[in-house]
Every structure is written in C-alpha cells, then in structure tokens.
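Reading through the structure tokens given below for one structure.
Chains as they are written, first to last, in our numbering: chain L, 2 to 333; chain X, 2 to 333; chain A, 2 to 333.
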C-alpha cells in the first residue's frame with residue numbers, strides 16, 4: 002500500500018494481500034470488538050451505492066467506530082485541478098475539502114465513478130487521486146472507473162473460502178451484456194488480484210471491449226511471476242470451457258468511452274454474451290461470481306444466479322469482513 | 002405476526018397487540034438499556050419522512066443499536082417483478098437488494114408509498130412484499146398506500162394512555178380535505194387495530210372515498226368478534242356526534258386512484274370536511290387525533306390542533322416507544 | 002444566550018463568550034469523555050454543508066452522543082407563517098415539525114440560508130426563528146443569511162490561539178470577490194464577537210456592500226464598551242495596512258438582495274478585491290483567515306491561502322471543539 006492509502010490492488014504485494022485476507026477471515030469468524038472506538042470514517046459518494054455504503058457502515062459499527070456519510074446531494078461541486086481560477090461552478094477545491102476533512106475524520110472513502118471525459122482522462126482517477134494527495138488521513142477507493150479494490154478483496158476471500166488455494170486455479174473473467182455503459186473498476190481490480198495469486202486467468206470479451214492496456218500488461222507480468230498465466234479470448238464458449246470460477250461482469254468500451262450512443266450500438270449485436278445454464282455446463286463445475294448489481298436475464302439468467310454454484314451473496318457479505326480487516330490495518 | 006415481519010396490523014392477534022403496547026408503555030417509563038448493542042436496522046425511504054425516520058433512529062440509539070438510512074437518492078431504481086428481463090432502467094432486482102442487505106443488517110424497514118398504478122395494483126404493496134419475500138431478516142412496513150402499522154401502534158398507545166381501556170369506546174375516523182392525493186395506510190392500519198380492540202367505530206367520509214372493501218370487511222368482522230362495532234357514515238356532523246375520539250386524516254379515492262386530477266376535482270366541493278371547534282363541540286369532549294403531517298386550516302383548524310383535547314404530538318412521540326417495543330420483539 | 006438557544010453572537014455576554022472559548026480550549030486538549038451518552042442532536046440542512054455537518058457529527062461522537070441528519074431532500078416543504086391556510090405546496094407547518102422533533106431529540110440545529118426575498122425579509126431569519134419559537138429543546142443556528150455564530154466561535158478560538166489576548170489587536174474584515182451572491186452570516190457573527198472582545202476592527206468593502214445597519218451600530222457600541230473600535234473603510238489597501246489579522250470573505254449586496262443579476266454586474270469591476278502576497282506584505286505580518294469554502298485565485302491566491310500565515314484549516318478544525326463546548330453547555 003502506497004503510504005497508508007488503499008487505492009489500487011496493483012499496490013498490494015502478495016504478502017500484504019495474504020495478510021489482509023487472513024485478518025478478514027479471522028474477523029469473520031469472531032468479532033474483533035470495539036477496536037476502533039471513537040474513530041470516524043468519512044464516506045463521500047458521488048454516485049449511488051448499496052453494498053459499499055452499507056457494508057462499510059456495518060464494518061465500522063462492528064468495530065465500535067462511526068461512519069459519516071456525505072453524498073453529492075449534500076455537497077456543492079468540487080474543483081480537482083490545481084491552480085484553477087475558481088470563477089466557475091465549483092464552490093470549493095478538493096485540496097481544501099480534503100485538508101478540512103482530514104482534521105475531522107480518521108479516514109476517508111471516495112466513490113467517484115462518473116464518465117466525464119475520454120478514457121485517457123477518466124483512467125487517471127483525478128478526484129480520488131486529488132483527495133489522496135491532499136488528505137493527511139488514509140484514503141480508500143470506493144470505486145472509480147479504473148479500480149474497485151474493496152470488491153476485489155471480497156472476491157478473493159470468497160474464492161479462498163471455496164477453493165482453499167488459488168494458485169493454478171482456472172478463473173474466467175467474462176464480459177457480459179448490459180443496457181448501460183459500465184466502469185472497468187471491478188474487472189481491473191480482480192484481474193490484478195487473481196494475477197498476484199498465480200491463477201490461470203482467461204479474460205474473455207468481444208472485440209472492442211479490451212481492458213486498459215497498462216493493467217493488462219501489469220497483470221500478465223504479475224501472473225507469470227506468481228506461476229500463473231493470463232490469456233485473452235474473444236470466444237465466450239471457448240473461454241468458459243473448463244473454468245473453475247466464472248466471474249461475469251459488463252464493462253465499457255474504452256475506445257468509445259465518451260460516446261455512449263456508439264457503445265450502445267456496438268452492444269446490440271452482443272446479446273449472446275450472457276451466462277446461462279448451457280454455458281455453466283461447459284465449465285468444470287465452476288463457481289459463478291458477479292460483483293452486483295446484476296441485470297438479471299441480461300447479464301446472466303435467473304437459473305444460474307439462483308443456482309447451486311452461485312456465490313454472489315457471499316461476495317457481497319464478504320465486503321464487510323475484508324473492510325473490517327482493511328480498517329483495522331489503516332486505523333489501529 | 003407472519004414469520005417475524007411487521008407488515009400489517011391485520012396480522013396481529015389481540016394478545017400480540019396487547020403485548021406490544023404493554024412493552025411500549027414499560028419502555029416509555031424506563032429506558033430498557035443497551036439491549037440491541039451491535040445490532041443494525043437498515044431503513045429504506047422511497048418517499049420523504051420526518052417522524053418515521055427520526056423516531057426509528059432515536060429508538061435504535063436508546064436501545065444501543067444503530068440505524069443505516071438509505072433514501073431513493075442514494076440508490077438506483079429497483080425491479081420488483083420476478084423473472085423480469087432487466088434491460089430497462091432498474092439497475093438491480095429487489096431480490097438481490099433484499100438478500101444482500103439481509104447479510105449486512107439485522108432488520109429492514111421499507112417506506113414505499115408512491116402511487117404508481119391503479120388501486121388494484123398499488124394495494125398489493127409490491128415493493129414491500131417483495132422485500133419481505135426475499136429478506137432473511139425481519140422486514141418492517143414504514144408505510145405503504147395500504148398500511149402504516151407503526152403509526153397505528155402509536156395511536157393505540159396514545160388512546161390507551163387517555164382512555165385506559167378501549168373496549169366499547171366511541172372512535173370516529175374522519176376523512177378530511179387535503180390539496181394532495183393521500184395514501185390509505187394510516188386509516189387502514191388504525192381501523193384494524195381499533196376493531197381488534199373492540200371499539201365502537203364510525204368511519205366517516207364523503208361518497209366516493211370508501212376505504213378498501215377487503216379491509217372494511219375484515220375490520221367489521223374483527224370488531225364484532227371483539228364486542229365492538231363498525232358503522233360507515235357519509236355525514237360528517239352525524240359521525241362526530243358523541244365521539245370520544247375524533248381521528249382526522251385525509252385519504253385518496255381508490256376509484257380514481259390513477260387519475261389525480263379527477264380526484265382533485267371531486268374534492269373541490271368537499272372543503273367543508275374540516276375539523277373545527279364547532280364540530281369538536283358536538284363530540285363527547287373527544288380527544289383530537291391526527292397522524293401528521295397535517296394541513297393546518299384545511300384538514301383541521303389551528304384552534305382545535307392547538308386546543309386542549311389535541312394529542313397529536315403524543316401520537317408522534319409514542320412512535321419511538323412502540324418502535325422500541327417492536328424492535329425488541331423482532332431482534333432480541 | 003436567550004433561553005438555551007444559540008442563534009446569534011449578539012446574545013452572548015463577554016463572560017459567556019470567554020466561558021465557551023475556555024471550555025472549547027480544554028475540550029480540544031483532552032477529550033471530555035462520554036458526557037452526552039444517549040443524547041441526540043437533530044440537524045436540518047436546507048443547503049449543502051461540509052464543515053458544519055461533519056464537525057457537529059464528530060463533536061457528538063466524541064462526546065458519546067448521536068447526530069440525526071436530515072436534508073431538504075429527505076423532507077417535504079415546510080410552512081413558516083403562523084395561521085397560514087395550508088392549501089399550497091408546504092406539507093407541514095414548522096410549528097408541528099419543531100414540536101414533533103422536540104419530542105425525539107435533545108437539541109436541533111438548523112441551516113437555512115437561501116435567498117428567498119428582499120434583505121428586509123431575509124434578515125429576519127424566519128425559518129430559524131420559527132423553529133426556535135416552537136421547539137422545546139435548544140435550537141442552534143447552523144447559518145442563516147444573517148448570522149453564522151458557530152463559525153465565529155471557531156474564529157475567535159483560532160485568534161486566541163495565535164494572539165493570546167484579543168483586546169486592542171487590529172483585525173481587518175475584508176470583503177473579497179466571488180462569482181456567486183453570498184450570505185452575510187459569517188461576517189455579522191465575527192464582527193459582533195470581535196467587537197465584544199475589544200478588538201480594533203476595520204471593516205473594509207466596496208461601496209454598496211455595506212453590512213446590515215443594525216449589526217454595524219450594535220457592533221460599534223460593543224467595541225466602544227469593550228475598549229476597542231470599529232472603522233468602515235472602502236479602500237482595500239488602506240484597510241490592510243498594519244493589520245494583525247486579515248479576515249477575508251465575500252458577502253452579498255443588501256440593496257440588490259433579490260436581484261442577483263444586478264449584484265453580479267456591480268461585481269464585475271471589483272475583481273481587484275482579492276487577497277494576494279502584495280496585500281499581505283502591507284500588513285503587520287497578519288494571520289490570514291477565511292471561513293471556507295474559498296474560491297481560490299478569485300477571493301485569495303493560492304500563495305497566501307497555502308502560505309505560512311494562513312490559519313484557514315485551524316479555523317475549520319476548531320469548529321469541532323467550540324461545538325463540543327456549546328453542546329456540553331446546552332445539553333448537560
């Protein structure tokens with residue numbers, strides 16, 4: 002972890018990752034008590050949230066601490082650009098908000114996942130990185146267009162609970178269809194974690210839905226270093242064959258990032274990218290994972306989401322436990 | 002109570018009702034202490050709320066527990082229909098939201114009182130019933146168009162405090178005018194409670210503002226079983242005469258439920274349905290009740306709302322105490 | 002303090018002010034413990050808030066109490082006018098909201114700083130005063146167009162920490178430019194506190210940006226009684242010369258209060274009213290203060306805001322400590 006922030010799964014060494022997951026598993030088995038009594042966590046949501054919002058608040062309550070929630074409705078617009086002449090709409094600079102909040106709370110979580118420009122711009126996570134730069138307290142990434150590291154921790158814990166050891170296990174990360182343009186955050190974050198764990202990863206998506214080139218390159222390197230592998234595959238059927246974990250999620254097209262109409266047009270021919278019982282049957286009795294929210298009967302059918310191999314609610318429930326571990330590491 | 006949910010006053014036996022009110026009275030007299038320490042209650046508001054929101058949060062604080070509040074602004078749209086192909090606006094199915102939240106919190110409260118279709122549709126409480134179906138934790142009805150059971154508990158406690166015993170006492174439930182179309186929730190819920198208590202009930206409203214036929218029939222049966230009675234009356238003056246409790250509230254016209262303009266037109270000639278000192282004088286020194294918010298000088302005059310027989314703030318204050326009792330029963 | 006409300010710095014005697022600041026300084030040095038355990042503070046925000054919202058919630062947490070936050074999004078419209086016939090948009094009267102909330106919480110904070118009429122109307126703080134009138138629990142002003150007393154307490158604590166004694170010290174309250182029309186709240190509140198402290202005050206603004214005449218007259222009297230002085234100055238350079246504290250903030254034009262376009266036009270020629278290093282150099286090594294949020298490089302340059310004499314984050318941080326003192330005085 003750079004400084005004491007938690008911004009990206011790329012920053013985590015294998016050792017740090019194992020430590021976090023071990024601590025999470027222990028915190029799940031037995032409540033750690035009021036170890037964060039008197040501590041406060043400020044959460045800033047610039048987009049709606051169900052799991053992240055509630056799981057962090059429950060995590061803090063279970064540790065004796067307290068969450069302060071702010072949403073964009075509670076706030077005015079903020080300026081992320083340094084040296085800006087602030088005669089526009091933004092009422093306060095992120096620098097001032099971050100420094101002020103650092104005097105009030107013990108850690109800050111930021112969700113900022115709006116599409117505001119091209120992929121080249123949005124991949125920089127300007128608002129999150131600006132908070133991290135100016136805060137003197139730890140900053141936690143609650144999801145950007147580029148990463149969703151808390152989700153990936155919960156995913157990794159869920160896989161560990163089911164597969165015991167992850168090294169060499171066959172994970173297929175599968176793009177699936179969705180009526181709306183989606184972020185690449187959960188995909189990038191779990192890709193890097195799975196690579197670090199030495200899994201045999203197949204990344205499957207239609208042509209045009211490549212993930213970020215830098216993330217792909219880094220993940221390939223991490224996988225090889227850890228004795229795993231990373232293969233990109235544009236054939237859904239082939240990608241599912243023999244998988245031990247099928248992790249489905251939609252993500253956006255980085256090429257047409259600022260042209261959502263064009264992305265929607267491209268997706269019209271991709272309705273076949275949907276997980277159903279037939280696809281599941283071709284796997285090696287794979288676990289079905291999805292970070293939620295899921296578009297039922299578009300991304301995956303009711304039958305598989307509600308089927309015996311689905312662990313989607315365990316992924317969600319594990320958010321609380323990995324976040325307790327994270328908060329204990331950052332705040333104790 | 003069906004399962005451990007609290008959805009409707011129709012589900013409560015006389016014994017369960019007495020138990021809840023007894024516990025509430027004790028919890029009002031003496032703080033029960035930190036009996037819900039470490040417990041969390043999730044509240045989902047799809048409409049604005051003052052009393053329900055604050056009284057539940059205060060109730061949890063007094064019991065040592067914690068509320069997590071979500072409003073529709075914090076959330077995306079949810080799909081209540083099973084087997085839906087979710088290619089529209091709804092980002093998540095209620096099934097998934099309910100199952101996820103059940104892994105985080107110890108109970109869930111839902112306010113969902115929007116008019117979205119005909120009365121035949123809205124009387125089914127689709128969203129609430131969907132949460133109850135899929136949640137593995139207790140679900141509490143925070144008001145629908147059909148019921149508002151927490152309000153009715155507070156009303157019953159307030160009547161008990163003033164009348165000691167409710168059996169045989171004369172209660173007039175009086176429709177009153179309001180510029181906006183209103184739900185039938187509070188009316189249905191108190192009607193069923195008063196019937197169960199064996200009160201002599203007069204339900205008074207203009208022609209066209211009949212309550213739900215099934216609720217009316219059930220309440221009539223409950224009242225007779227308990228030694229009380231239920232009379233429908235379309236003459237406001239006659240209905241008020243001799244009442245020991247005058248409970249005023251507006252409610253919507255089920256016939257024109259999805260045509261609010263027509264309802265507004267009908268109401269233009271009903272401005273006389275307003276509680277004033279003259280009407281109160283014709284009662285048997287009746288208590289004046291109203292569940293709030295109230296349109297002053299439209300539904301009832303300042304003189305009677307602020308008068309010596311008004312118990313409107315006691316009704317509001319008792320929300321905290323009945324809800325503490327309810328939470329103790331559901332969560333301990 | 003009138004009754005036990007905290008509405009205006011004009012109500013504070015010198016003795017009460019010293020007591021609050023002494024208590025705040027002690028509460029800053031050493032946490033007072035769970036002295037407000039079981040107590041709840043309701044906060045109603047009719048405008049966005051960062052500092053006030055978070056600093057009050059942190060203050061309550063540190064004292065063992067609990068905040069319940071409501072924003073205008075959680076609520077319907079409220080009627081402040083007595084005897085109103087409520088057939089319009091307002092769903093509830095402030096009287097009923099205030100009396101109801103008084104039965105739930107131990108104190109109420111209200112932020113209500115919208116421009117809704119002329120200065121003659123808005124200076125009356127109708128909504129706040131209506132809450133104070135009808136609440137039976139203490140009401141705290143969280144900022145109106147007329148006053149922001151909690152900010153002024155934090156400002157006074159910050160000055161005391163840096164100057165030790167305030168009597169006779171040279172404070173310049175300086176108007177600065179801003180693209181939006183702003184309230185007079187922070188300016189009025191600190192003006193009255195500084196006057197009460199016997200500071201030598203220079204109030205500097207362009208012609209047309211006079212503060213409220215009654216506040217000015219009262220402050221002049223308070224300053225003289227306390228051995229200080231109050232001078233109005235329309236020349237920015239002259240006003241800064243020799244200052245020991247330069248307190249910058251924009252405020253609105255009371256004459257064109259309900260004509261914001263005209264105010265914007267007037268301000269076009271006032272872009273020179275901006276604090277920069279040159280202006281700071283003409284002071285007596287002055288502290289730079291600003292209540293935040295600040296428009297960087299419009300109201301003041303990055304160089305001075307981030308410079309060695311800036312105490313803007315200390316002002317913000319001190320909000321927590323003065324508010325702990327205030328809450329202990331009101332609620333213990």
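All C-beta atoms, glycine included, are put in the ideal place defined by N, C-alpha and C.
Query: Contact with chain L by residue 314/A, beta-carbon distance below 8 Å; Result: yes
Query: Presumed contact (8 Å Cβ cut-off) between residue 300/L and residue 241/L, rounded CB distance; Result: About 14 Å separates the two Cβ atoms, so there is no contact after all.
Query: Strand pairing of residue 250/A, partner residues [DSSP]; Result: 176/A
Query: C-beta neighbour in chain A for residue 110/L, strict 8 Å; Result: no
Query: Selection of the segment 72-85 of chain X by Cβ proximity to chain L, strictly under 7 Å; Result: 74, 75, 76, 77, 84, 85
Query: For residue 112/A: DSSP bridge partner residues; Result: 46/A
Query: Chain-ordered chain X contacts of residue 56/L [CB-CB under 7 Å]; Result: 105
Query: Any non-hydrogen atom of the ligand COA closer than 7 Å to residue 331/X Cβ; Result: This structure lacks the ligand COA, and indeed carries no ligand of any kind.
Query: Min CB distance residue 2/X to chain A below 8 Å; Result: Residue placement at residue 2/X is flagged as unreliable, the pLDDT there being 41, under the threshold of 50; a coordinate-derived value is accordingly withheld.
Query: Sequence-distant residues of its chain with Cβ nearer than 7 Å to residue 56/A (five each side left out); Result: 320, 321, 324
Query: Rounded C-alpha distance that separates residue 78/L from residue 283/A; Result: 34 Å
Query: Residues in the segment 299-323 of chain A having any Cβ partner in chain L nearer than 7 Å; Result: 299, 303, 314, 317, 318, 321
Query: Segment contact, 8 Å Cβ cut-off, at least three pairs: the segment 163-175 of chain X with the segment 96-107 of chain X; Result: no
Query: Element boundaries [beta strand (DSSP E), containing residue 232/A]; Result: 230-234
Query: Integer Cβ distance of residue 296/X from residue 179/X, believed to fall under 8 Å; Result: 6 Å
Query: Rounded C-alpha distance that separates residue 50/X from residue 113/X; Result: 11 Å
Query: Reduced DSSP secondary structure (H/G/I, E/B, other) of residue 86/X; Result: coil
Query: Span of the beta strand (DSSP E) around residue 205/A; Result: 201-205
Query: Close-in-space but distant-in-sequence residues of the same chain around residue 344/L (CB under 8 Å, 5 per side omitted); Result: Absent from the model: residue 344/L. The displayed extent of chain L is 2 to 333, so no value can be given.
Query: Whole-number beta carbon distance between residue 293/A and residue 317/A, since they are thought to touch under 8 Å; Result: 6 Å
Query: Within 8 Å, strictly: CB atoms of residue 119/X and residue 258/X; Result: yes
Query: Buried or exposed (CB count within 10 angstroms, at least 16 for buried), residue 14/X; Result: exposed
Query: Closer than 8 Å to chain L by CB, residue 294/A; Result: yes
Query: is_contact[residue 1/X, chain A] using C-beta, thresh 8 Å; Result: Outside the shown range of chain X, which is 2 to 333, sits residue 1/X, and nothing can be said about it.
Query: DSSP three-state assignment for residue 217/L, whether helix, strand or coil; Result: helix
Query: Extent of the continuous beta strand (DSSP E) run through residue 142/L; Result: 140-142
Query: Against chain L: residues of the segment 158-184 of chain A by CB proximity under 7 Å; Result: 180
Query: Any chain L beta carbon closer than 8 Å to residue 87/X; Result: yes
Query: Opening and closing residue of the alpha helix (DSSP H) in which residue 67/L lies; Result: Note, residue 67/L: premise wrong, no alpha helix (DSSP H); beta strand (DSSP E) at 67-72.
Query: Nearest neighbour of residue 124/A, chosen from 256/A, 272/A, 311/A, 287/A [CA to CA]; Result: 256/A
Query: Sufficient close CB pairs (3 or more, under 8 Å) joining the segment 221-229 of chain L to the segment 193-203 of chain L; Result: yes
Query: Separation of residue 43/X from residue 61/X, as counted between CA atoms; Result: 11 Å
Query: Beta-carbon contacts of residue 185/A that lie in its chain and below 7 Å, excluding the five residues immediately before and after; Result: 146, 147, 212, 213, 252, 253
Query: Residue 16/L to residue 280/L span [Cα, whole Å]; Result: 35 Å
Query: Selection of the segment 197-211 of chain L by Cβ proximity to chain A, strictly under 7 Å; Result: none
Query: Residue 280/L at chain A interface by Cβ criterion, 8 Å; Result: no
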